[in-house]
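Peer 1: I have a structure here, written as structure tokens, and I will follow up with some questions on it.
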Amino acid sequence: MNPHRPAPPTGGHVALLVDVGGVLLLPNAALLTPVIARHGGVDTPEGFIRAHYAAHNAAFPSRGNPLGDYYELLPRYAGVPKDRWRSCAEDYLAISRTRNMWHAPDPESKRTLDEITAAGVGVAIVSQADGKIAQMLLDARMCQEGDGPGVCVDAVLDSTIVGFDKPDPRFFRAALDRLHVDASQAVHVGDTVPADVRGAQAAGIRAVHYDPYDDCDDPGDHEHIRRLREVRAFLAPQPQPRK
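Okay, so the sequence shown: first residue is 41 according to the working numbering, each after it adds one.
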């Protein structure tokens, strides 16, 4: 645990594991919305983000087969005319290849992360990434281990560096080891059911699906939040046993 952080809440040691893409860092709507708009789709950042989550859920459903690839699905959910779906997807994919476009910090999520760490809750970032997620979070001024421009968290785990990818439960257990907690003491938040929810469940961790627009085709075996601040309800101190 961070030695500069207050002690955990009285009544139990509680920890939070949190995904990055779609929760802390969002697709850069300022750069990506114009790509969609050029093809006749949504032309506001709000419309783009709404379409993004709908397409993401359809590409990574909680049950059944994906409806398609995320890049192919996005134009449909973004209101692009059918005859331009393919060209829009190609343009969107082309700009996405220039750099990782999931780099826009969510200010509300950052505030919540700061409040959670200030309350003494241990926090580990658990990202399915390419070895660069710590630098991306630092550049976005979202969070980092130790002192820096973002929120100080206990650990930042990148699947490429750790050696296990989601939904492998060993990746989640590596985060528990860094926080020195048992699975029963932790909650994990992520925006993808196959990788985040299923991986956390396989590790014995309480899984919460970050689902801002209630898009999940939920089989009823996991919980949901629409904003990161709602996870604080799951981080309440555990009651002390009576003597």
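By construction, the Cβ of each residue, glycine as well, lies at the ideal position given by its N, Cα and C atoms.
Can you have a look at Lys283 and say buried or exposed, based on whether 16 or more other CB atoms are within 10 angstroms of its CB?
Peer 2: For Lys283, the predicted structure reports a pLDDT of 41, less than 50, and the residue's modelled location is therefore unreliable. The matter cannot be settled from this model.
Peer 1: Between the Cα of Asp231 and those of Met176, Val60, Val54 and Ala55, spot the shortest distance and give me the residue it belongs to.
Peer 2: Nearest option by C-alpha distance: Val60.
Peer 1: In three-state DSSP terms, what is His262?
Peer 2: Coil.
Peer 1: From what residue to what residue does the alpha helix (DSSP H) around Gln241 run?
Peer 2: Per DSSP, Gln241 belongs to the alpha helix (DSSP H) from Arg238 to Ala242.
Peer 1: Would you report the Cα separation of Ala214 and Arg78, rounded to the nearest angstrom?
Peer 2: So the two alpha carbons sit approximately 44 Å from each other.
Peer 1: Is the Cβ-Cβ distance between Ser167 and Ser199 less than 8 Å?
Peer 2: Against a cut-off of 8 Å, the Cβ pair of Ser199 and Ser167 comes out as a contact.
Peer 1: Taking three-plus beta-carbon pairs below 8 Å as touching, is the segment 67-87 in contact with the segment 114-128?
Peer 2: Cβ pair count under 8 Å is three or more, so yes.
Peer 1: Would you kindly work out how many angstroms separate the C-alpha atoms of Arg45 and Glu155, rounded to a whole number?
Peer 2: Unreliable placement is indicated for Arg45, whose pLDDT of 36 sits below 50; no coordinate value is reported for it.
Peer 1: Buried or exposed for Ala144, going by 16 or more other Cβ atoms inside 10 Å?
Peer 2: So Ala144 ends up on the buried side.
Peer 1: Run through the segment 92-146 for me and flag every whole alpha helix (DSSP H) of 4 or more residues, listed as ranges in chain order.
Peer 2: Counting whole runs of 4 or more residues, the segment 92-146 contains the alpha helix (DSSP H) stretches 110-117 and 125-136.
Peer 1: Looking at C-alpha atoms only, which residue of Pro74, His96 and Ala69 is the closest neighbour of Glu86?
Peer 2: Closest by alpha carbon: Ala69.
Peer 1: Between the Cα of Ser149 and those of Leu114, Gly162 and Met182, spot the shortest distance and give me the residue it belongs to.
Peer 2: Comparing Cα positions, the closest option is Met182.
Peer 1: Give the DSSP bridge partners of Ile165, in chain order.
Peer 2: DSSP, once it has assigned bridges, lists Val58 and Val196 as partnering Ile165.
Peer 1: Cβ atoms of Val229 and Ile173: under 8 Å apart, would you say?
Peer 2: Cβ atoms of Ile173 and Val229: not closer than 8 Å.
Peer 1: Starting from Ala77, follow the beta strand (DSSP E) in both directions and report where the run begins and ends.
Peer 2: Looking at the DSSP string, Ala77 is not in any beta strand (DSSP E); the run it does join, the alpha helix (DSSP H), is Ala69 to Arg78.
Peer 1: Does DSSP classify Leu275 as helix, strand or coil?
Peer 2: In the structure shown, Leu275 sits in a helix (DSSP, three-state: H, G or I).
Peer 1: How about Cys192 and Thr152: do their beta carbons lie closer than 8 Å?
Peer 2: Not a contact, by the Cβ cut-off of 8 Å.
Peer 1: Just to confirm my understanding: we take Glu263, look at its own chain, exclude 5 residues before and 5 after, and list those with CB closer than 6 Å. What are they?
Peer 2: Val248.
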